[in-house]
C-alpha cells in the first residue's frame, strides 16, 4: 500500500490565521446581479423611466419584464429578473425599486441616461461604493467599514505582481477598515514567501471548514465564487485590469491627474459613513454631489440627530474641547426641540398659526430623512419642517428644497407643498436664500422656553 505523503508543516502564525479566518464569516459580500457593463445597465435602466411614479414596483415589475423581453434585452421572466435589476441599479444608486414604493430615477440615474459617456458616471459610483451598507441584508458583514476601491488602489500600489484570486479571497476581502491596509500587505508578502506546498496546505485546510446551510461549502470557496461579482463592480471604476490568470492589477498610467487627486483627498479626508437604513444610503449614492468624506459624514449624523457619531467626526476634524462641548449642547438642544414639537404638535401648530396635523418624524425618503412632515388640514397640502441644527444657511435651505421636491413628486400631487426652517437664530443668509426663491418657506425662531417667532 503506497505511503501517504506527509502534509507540509505550517508556521504557528499561519495555523492561527486558518482558525481565525474560518471563525470570522465577514467578508466583502457583493450581491449577485446581472452582468454589470455600461451598456447592460443603460439598456435596463432606460425602459424603467416609463414606470417612474406610476405604480408601486410590485405592481409594475411584471410589465417592466415584458418590456425588456419585447425589446430583446432579456429572455428571462418573472420576479427573479426584477430582483436582479434592483441589485444592479440600487447598488449603483441609479434608481429606487422597492416592492411597496413608486419607482424613482435618481439624479445620478438621470445623469447616466443623459450622458454621452455613461462609463464616467458609473466609474464615480463604483469608487465611492462602500461596505457595509444597508442594501446588503446579511448582518454578518456589518463589521466591515471601508470603501473597497480606494482600499484596492492603495493595496496594489504597494504590491508587485498584482493581486491573485487566492490573495484576494484570503486577505483583501477580509479587511474590515482602511486601517487594516498595512496588515493585509504584510500578510500577502508573508504568504508569498511560503513555499508552494505550504500555500496549498493553507487553502486545503480552509476548504475543509464547511459552512452549514450553504451550497458553496467552505467560507473560502464562498468568497472565491463571490469575487467575480465584486470584480465587475470594481472594474467599473476604470482603475483596474484583470489578466488571464484573473489577477487584479492597476491600469498602467491611471494614477495621475484627477485620479491622483481623488486618491490623495481620500487618504487625507475619506471616511466610512454609517448609514442606518437603506433609503439613507440610497439618498447618498443617488446624489451626484455627495462624497465619502468627513464633512458629509458630519452632515449625515447631524441630520439624523446622532450626537455621539457627529461629535466623533467633529473631533477628527480638529475641533477643540470647547467647540465640541458647544456642538454637543446644540445637538442635544435640537433633539429636545424635536421631541417637544412631536409631543406637543398641536401647540406648535398654534404657535405658527397653521392648521397642521402630524404625519411623521424622521420621515424616510430617497433623498434623506425629513425631520418632521406635516399636513395642512385646510389646504390638504404638505409642510416639510427642518431644524437648522447649526448648519450653514445654504445647506439647510438646499436640503429642505430637496425634501419639498420629493414630497411634491411622490406624495402631494396637485396639493401645495410648503416648508419651515426652525432654529435658535435665523441669520440674514438664510433670509436671503429664502427670499431669492418663490417657494413658500417660513423661518421660525424658537427660544429655550419653547416660544416661537414666525417670519
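In my numbering, the protein residues as written are 632 to 1086. Backbone N, C-alpha and C fix where the C-beta goes; we use that ideal spot for every residue, glycine too.
Minimum C-alpha distance to residue 982 - residue among 1075, 1046 and 926: Here residue 982 corresponds to residue number 351 of the chain shown, with the count starting at 1. Ranking the options by Cα distance to residue 982, first place goes to 1075.
Three-state secondary structure (DSSP) of residue 1036: Position 405 of the chain shown holds residue 1036. Note: residue 1036 maps to helix in three-state DSSP.
Supposed close pair residue 676, residue 695 - CB separation, criterion 8 Å: Here residue 676 refers to the residue found at position 45 of the chain shown. Here residue 695 refers to the residue found at position 64 of the chain shown. Going by Cβ atoms, the distance from residue 676 to residue 695 rounds to 11 Å, so no, they are not a contact pair.
Distance, residue 1030 Cα to residue 1079 Cα: Residue numbering aside, residue 1079 sits at position 448 when the chain shown is read from its first letter. Residue numbering aside, residue 1030 sits at position 399 when the chain shown is read from its first letter. Summary for residue 1079: the model assigns pLDDT 49, below 50, so the residue's position carries little reliability; its value from the coordinates is reported in the next sentence. Approximately 25 Å between the Cα atoms of the pair.
Beta-carbon spacing of residue 774, residue 720 below 9 Å: Here residue 774 is taken as the residue at index 143 of the chain shown, counted from 1. Here residue 720 is taken as the residue at index 89 of the chain shown, counted from 1. Going by C-beta atoms, residue 774 is not nearer than 9 Å to residue 720.
C-alpha gap between residue 1056 and residue 955, whole angstroms: For the purposes of this step, residue 1056 is taken as residue 425 along the chain shown, with counting starting at 1. For the purposes of this step, residue 955 is taken as residue 324 along the chain shown, with counting starting at 1. When rounded, the distance between both Cα atoms is 19 Å.
Cα-Cα separation, residue 640 to residue 693: Taking the first residue of the chain shown as 1, we reach residue 640 at position 9. Taking the first residue of the chain shown as 1, we reach residue 693 at position 62. Each residue's Cα considered, the two are about 57 Å apart.
Spatially closest choice to residue 780 from 958, 871 and 1011, by CA coordinates: In the chain shown, counting from the first residue as 1, residue 780 sits at position 149. Ranking 958, 871 and 1011 by Cα distance to residue 780 puts 871 first.
N-terminal and C-terminal residue of the alpha helix (DSSP H) that residue 925 is part of: Taking the chain shown and counting its residues from 1, one reaches residue 925 at position 294. Start and end: 925 to 935.
Beta-carbon gap between residue 998 and residue 1006 smaller than 9 Å: For this step, residue 998 is matched to residue 367 along the chain shown. For this step, residue 1006 is matched to residue 375 along the chain shown. Cβ distance not < 9 Å, so residue 998 and residue 1006 don't count as in contact.
Delimiting residues of the alpha helix (DSSP H) encompassing residue 978: Taking the first residue of the chain shown as position 1, residue 978 is located at position 347. 976 to 982 is the extent of the alpha helix (DSSP H) around residue 978.
Whether residue 1027 touches residue 1019 by CB criterion (9 Å): In the chain shown, the residue the question calls residue 1027 occupies position 396. In the chain shown, the residue the question calls residue 1019 occupies position 388. Contact: yes.
Residue 737 and residue 913 closer than 9 Å at C-beta: The count along the chain shown starts at 1 and reaches residue 737 at position 106. The count along the chain shown starts at 1 and reaches residue 913 at position 282. It is a contact, given that the beta carbons lie within the stated cut-off.
Test item: CB-CB of residue 1094 and residue 648 under 9 Å: The structure shown has nothing for residue 1094, since the chain only spans 632 to 1086.
Whether residue 940 touches residue 995 by CB criterion (9 Å): Here residue 940 corresponds to residue number 309 of the chain shown, with the count starting at 1. Here residue 995 corresponds to residue number 364 of the chain shown, with the count starting at 1. No; because the gap between Cβ atoms is not below 9 Å, this pair is not in contact.
Assigned secondary structure, residue 756 (DSSP; H/G/I helix, E/B strand, else coil): Here the question's residue 756 lines up with position 125 in the chain shown. Here residue 756 sits in helix by DSSP.
Nonlocal neighbours in the same chain, by C-beta distance under 8 Å from residue 822, ignoring five residues either side: Mapped onto the chain shown, residue 822 falls at position 191. Once the five neighbours on either side are set aside, the close Cβ partners of residue 822 are 798, 801, 802, 830 and 833.
Assigned secondary structure, residue 658 (DSSP; H/G/I helix, E/B strand, else coil): What you label residue 658 is simply residue 27 of the chain shown in a count that begins at 1. The answer is coil: DSSP assigns residue 658 none of H, G, I, E or B.
Residue 860 versus residue 935: straight-line alpha-carbon distance, rounded: Here residue 860 corresponds to residue number 229 of the chain shown, with the count starting at 1. Here residue 935 corresponds to residue number 304 of the chain shown, with the count starting at 1. Between residue 860 and residue 935, the C-alpha separation is close to 33 Å.
Whole alpha helix (DSSP H) elements within the stretch 806 to 886, 4-residue minimum: 812 to 824, 827 to 839 and 850 to 866
Alpha-carbon to alpha-carbon, residue 1049 and residue 1069: Within the chain shown, residue 1069 is the residue found at index 438, counting from 1. Within the chain shown, residue 1049 is the residue found at index 418, counting from 1. Those two C-alpha atoms are separated by around 11 Å.
Stretch-stretch touch, CB-based, cutoff 8 Å, three pairs: the stretch 762 to 778 with the stretch 644 to 660: yes
Of the listed residues 752, 1045, 837 and 952, nearest to residue 917 (C-alpha basis): Along the chain shown, read from residue 1 onward, the residue named residue 917 stands at position 286. Answer by Cα proximity: 752.
Collapsed DSSP secondary structure at residue 960 in the structure displayed: The residue given as residue 960 occupies position 329 in the chain shown. Residue 960: helix per DSSP, three-state reduction.
Test item: CB-CB of residue 896 and residue 924 under 9 Å: Counting from 1 along the chain shown, the entry for residue 896 is found at position 265. Counting from 1 along the chain shown, the entry for residue 924 is found at position 293. Yes; because the gap between Cβ atoms is below 9 Å, this pair is in contact.
Bridge partners - residue 776, DSSP secondary structure assignment: For the purposes of this step, residue 776 is identified with residue 145 of the chain shown, where counting begins at 1. Residue 776 pairs with 808.
Cα-Cα separation, residue 883 to residue 874: The sequence position of residue 883 within the chain shown is 252, counting from 1. The sequence position of residue 874 within the chain shown is 243, counting from 1. Rounded to whole angstroms, residue 883 to residue 874 spans 13 Å at the Cα level.
Run of the beta strand (DSSP E) containing residue 793, from where it starts to where it stops: Taking the first residue of the chain shown as position 1, residue 793 is located at position 162. No beta strand (DSSP E) holds residue 793; DSSP gives it neither H nor E.
Three-state class that DSSP yields for residue 1024 in the structure shown: Start at 1 with the first residue of the chain shown, and residue 1024 comes out as number 393. Reduced to three states, the DSSP call for residue 1024 is helix.
Cα-Cα separation between residue 866 and residue 771, rounded to whole angstroms: Taking the first residue of the chain shown as 1, we reach residue 866 at position 235. Taking the first residue of the chain shown as 1, we reach residue 771 at position 140. Spanning the two alpha carbons is a distance of roughly 25 Å.
Per DSSP, the bridge partner or partners of residue 1072: If you number the chain shown from 1, residue 1072 lands on position 441. Partner(s): 1050.
Inter-residue spacing [alpha-carbon to alpha-carbon] between residue 674 and residue 683: Taking the chain shown and counting its residues from 1, the one referred to as residue 674 is at position 43. Taking the chain shown and counting its residues from 1, the one referred to as residue 683 is at position 52. About 16 Å.
Run of the alpha helix (DSSP H) containing residue 739, from where it starts to where it stops: For the purposes of this step, residue 739 is taken as residue 108 along the chain shown, with counting starting at 1. Counting along the chain, the alpha helix (DSSP H) containing residue 739 begins and ends at 738 to 745.
Beta-carbon gap between residue 717 and residue 857 smaller than 9 Å: Mapped onto the chain shown, residue 717 falls at position 86. Mapped onto the chain shown, residue 857 falls at position 226. No, they are not a contact pair.
Endpoints, beta strand (DSSP E) assigned at residue 1007: Here residue 1007 refers to the residue found at position 376 when the chain shown is read from its first residue. Here the beta strand (DSSP E) through residue 1007 covers 1001 to 1007.
Local conformation of residue 684 per DSSP, three classes: Position 53 of the chain shown, counting from 1, holds the residue named residue 684. Residue 684 falls in the coil class under three-state DSSP.
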